[in-house]
Every structure is written in C-alpha cells, then in structure tokens.
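J.: Chains X and U supply the protein sequences, listed in that same order.
Per my numbering, the first sequence runs over residues 60 to 173.
Per my numbering, the second sequence runs over residues 495 to 609.
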Amino acid sequence: AQSVTQPDIHITVSEGASLELRCNYSYGATPYLFWYVQSPGQGLQLLLKYFSGDTLVQGIKGFEAEFKRSQSSFNLRKPSVHWSDAAEYFCAVGAGRGGNQFYFGTGTSLTVIP
Amino acid sequence: DTAVSQTPKYLVTQMGNDKSIKCEQNLGHDTMYWYKQDSKKFLKIMFSYNNKELIINETVPNRFSPKSPDKAHLNLHINSLELGDSAVYFCASSQLEGPRYNEQFFGPGTRLTVL
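#1: By the three-class DSSP mapping on this structure, what secondary structure does ARG623 of chain U have?
#2: Drop a sphere of 10 angstroms on the beta-carbon of ALA497 of chain U, count the other beta-carbons inside from all chains shown, and report buried for 16 or more, exposed for fewer.
#3: Sort out for me which residues DSSP pairs HIS571 of chain U with in a bridge.
#4: Hey, is PHE584 of chain U close to the ligand ATP, as in C-beta under 7 Å from one of its heavy atoms?
#5: When you compare the region 134 to 154 of chain X with the region 64 to 77 of chain X, are there three or more beta-carbon pairs, one atom per stretch, that lie closer than 8 Å?
#6: Quick one: list the residues of chain X neighbouring PHE584 of chain U, beta-carbon separation under 8 Å, in chain order.
#7: Quick check on this structure: which residue in U:LYS516, U:GLN598 and U:SER574 has the alpha carbon closest to the alpha carbon of ASP524 of chain U?
#8: Could you tell me whether the Cβ atoms of ILE572 of chain U and LYS530 of chain U are closer together than 8 Å?
#9: Please report whether the beta-carbon of PHE600 of chain U lies at a distance below 8 Å from any beta-carbon of chain X.
#10: Can you tell me where the beta strand (DSSP E) holding VAL582 of chain U begins and where it ends?
#11: Can you tell me the Cα-Cα spacing of PHE541 of chain U and PRO560 of chain U, whole angstroms?
#12: Please state the DSSP three-state secondary structure of GLY100 of chain X.
#13: Using DSSP's beta-bridge definition, name the partner residues of GLN519 of chain U.
#14: Closest to SER131 of chain X by CA distance: which of X:GLY118, X:LYS120, X:TYR109 and X:PHE122 is it?
#15: Closest by CA to LEU590 of chain U, which one among U:LYS538, U:LEU568 and U:MET526?
#16: Specify, as a first and last residue, the run of the beta strand (DSSP E) that PHE122 of chain X falls within.
#17: THR170 of chain X CB to nearest chain U CB: under 8 Å?
#18: Which residues does DSSP pair with PHE161 of chain X in a beta bridge?
#19: Flag this pair as yes or no: are the beta carbons of VAL116 of chain X and GLN104 of chain X separated by less than 8 Å?
#20: Closer than 8 Å by beta-carbon distance: list the chain U residues that pair up with GLU147 of chain X, in chain order.
#21: Look at ILE119 of chain X and LEU135 of chain X and say whether their C-beta atoms are less than 8 Å apart.
#22: Would GLY102 of chain X and PRO602 of chain U qualify as a contact pair, given that the criterion is a beta-carbon distance under 8 Å?
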C-alpha cells in the first residue's frame, strides 16, 4: 500500500537559517510527489511537484525539493527561512488511476524564531 | 477569481442535525474530492468524483453523502451529525484525463464544529 512518512512532527528554526523537511514514501511505481503548505487557518497551497525528469525541482517562495529514488525520499529545502514560512507542511504522493488518489503525510509544523 | 471555493467557511451545529457543505471549482477540472482534516492535522481522502461519477469512496460512515450535480460542483451532505465529525473539510479538484497528470487544487476549507 502507498504511504507517506514525515518523520518530524515539529521543527523550530531561526529566521535566516536553512531548512530541510524530510519525506519518505512507499509506492511500487514511479510516484507523483508534492509538497503543500498550509498557513494557519488557510487551505493548502502547492509549493512544488515532481512528475519525472530532473530530480531537483524548484518551487514557489524559494523552496526546492530533491527526489532520490534510492532512498524513496523527497525532502524539501530552503536556504534561508523567513518568519512568514511558519506553517504546516505536507508531503503527498499521487497514485492510482492517473494519479487520482492522494496520500498525505502527517505533516511537519514549522516554527520560525525571530 | 477563486479557483476552488467552499461554503460555508465555518459551521457550528448541534449533534443529530443534518448539514451540507458546498464546493465549486472554476478550473474546468473533471475530478473533485473531499478530504477530512482532523484535530491532529491528518488529511484523509473521503470521496472522489470524476465527471460526476464516484470513483473513490473510502471508508466513511454512510451518513456522509456526496452529490455532484455537474462537473464544477461537489457537495457534501452529512446526516445525524456526531461529535467526532468535528473537523476541517477540504474540497479539491484536478484534471484527471489528459496528456499528463495534474496536481490537486484545494479550497480554503470548512471548519465544522459539532456541539
């Protein structure tokens, strides 16, 4: 069965520090991979996605993620965190017929210290 | 214009009541979804409709009934509300058919509180 694991429930970083959020997936075929961000009281916004090709993908707000097939990982990174990045981050795998099924990780809550 | 909209944004009701949440998308997508996000932020898919036909129906109580009058709308009706139904419900849409896979676009969510 497909699954997505985000090992870190909560992460605290200082503003300006670098950030890496971990995501591991379990899926038999090549997955469609996504990172979404949810600001407090808001819906989910897509940060970036990986379908195929270049394993390093760039997203919005200065985020990037790298797909590593050998490690079944799709970690999200940002070189310098801003206070406005404080939010909940979800990794997701698209699977099923045409990828119509989504499996979300349990989320990582990011706190940014000024 | 909002791509995926939901109404209402907040819904507070008593146990045993029946309520509906409406969702509309103006992206021209052929597939719509309902998700439930619990108090621990865990997101779980409930239903998926492709061209008005149900294609995913995860294990949810049959008190929950989705209705899709057309491709742009997917409403969620909940009968006999229970305390455990309190959660944030998200609607989403995507284009399933086509040359490539497309991501899901989410609405702003409806926070349901059952007293």
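All residues carry an ideal CB built from backbone N, CA and C; glycine is no exception.
T.: In short, the structure shows the following:
#1: What the structure shows of chain U is the stretch from 495 to 609, and residue 623 of chain U is not part of that stretch, so it cannot be assessed.
#2: On the second sequence, residue 497 of chain U is found 3 positions in, with the first residue counted as 1. So ALA497 of chain U ends up on the exposed side.
#3: Position 77 of the second sequence, counted from the start, is the residue given in the question as residue 571 of chain U. Paired residues: U:SER514 and U:SER559.
#4: For the structure depicted, the ligand ATP is absent and the ligand set is empty, with no information on it obtainable.
#5: yes
#6: Sequence index remark: in the second sequence, residue 584 of chain U carries index 90 (1-based). GLY102 and LEU103, listed in chain order.
#7: For the purposes of this step, residue 524 of chain U is taken as residue 30 along the second sequence, with counting starting at 1. Out of U:LYS516, U:GLN598 and U:SER574, U:GLN598 has the C-alpha closest to the C-alpha of ASP524 of chain U.
#8: On the second sequence, residue 572 of chain U is found 78 positions in, with the first residue counted as 1. On the second sequence, residue 530 of chain U is found 36 positions in, with the first residue counted as 1. No, they are not a contact pair.
#9: For this step, residue 600 of chain U is matched to residue 106 along the second sequence. Closer than 8 Å to some Cβ of chain X, the Cβ of PHE600 of chain U qualifies, so yes.
#10: Mapped onto the second sequence, residue 582 of chain U falls at position 88. That run of the beta strand (DSSP E) goes 581 to 588.
#11: Here residue 541 of chain U refers to the residue found at position 47 when the second sequence is read from its first residue. Here residue 560 of chain U refers to the residue found at position 66 when the second sequence is read from its first residue. Cα to Cα, the separation comes out at about 7 Å.
#12: Counted from its first residue, the first sequence places residue 100 of chain X at position 41. It is coil, neither helix nor strand.
#13: Here residue 519 of chain U is taken as the residue at index 25 of the second sequence, counted from 1. Per DSSP, U:VAL498.
#14: Within the first sequence, the letter at position 72 stands for residue 131 of chain X. Closest option to SER131 of chain X, Cα to Cα, is X:TYR109.
#15: Taking the second sequence and counting its residues from 1, the one referred to as residue 590 of chain U is at position 96. Looking at the Cα atoms, U:MET526 is the closest of the given residues.
#16: By 1-based counting over the first sequence, the position of residue 122 of chain X is 63. Where PHE122 of chain X is concerned, there is no enclosing beta strand (DSSP E), given that its DSSP letter is neither H nor E.
#17: Counting from 1 along the first sequence, the entry for residue 170 of chain X is found at position 111. Judged by the 8 Å Cβ criterion, THR170 of chain X is not in contact with chain U.
#18: Working through the first sequence from its first residue, we reach residue 161 of chain X at position 102. PHE161 of chain X pairs with X:GLY153.
#19: The residue labelled residue 116 of chain X in the question sits at position 57 within the first sequence. The residue labelled residue 104 of chain X in the question sits at position 45 within the first sequence. For VAL116 of chain X and GLN104 of chain X, no; Cβs fall outside 8 Å.
#20: Against the first sequence, residue 147 of chain X aligns to sequence position 88. By Cβ distance, chain U contributes LYS535.
#21: Locating residue 119 of chain X in the first sequence gives position 60, where the first residue counts as 1. Locating residue 135 of chain X in the first sequence gives position 76, where the first residue counts as 1. No, the pair does not count as a contact, with Cβ atoms beyond the cut-off.
#22: Locating residue 102 of chain X in the first sequence gives position 43, where the first residue counts as 1. Locating residue 602 of chain U in the second sequence gives position 108, where the first residue counts as 1. Yes; because the gap between Cβ atoms is below 8 Å, this pair is in contact.
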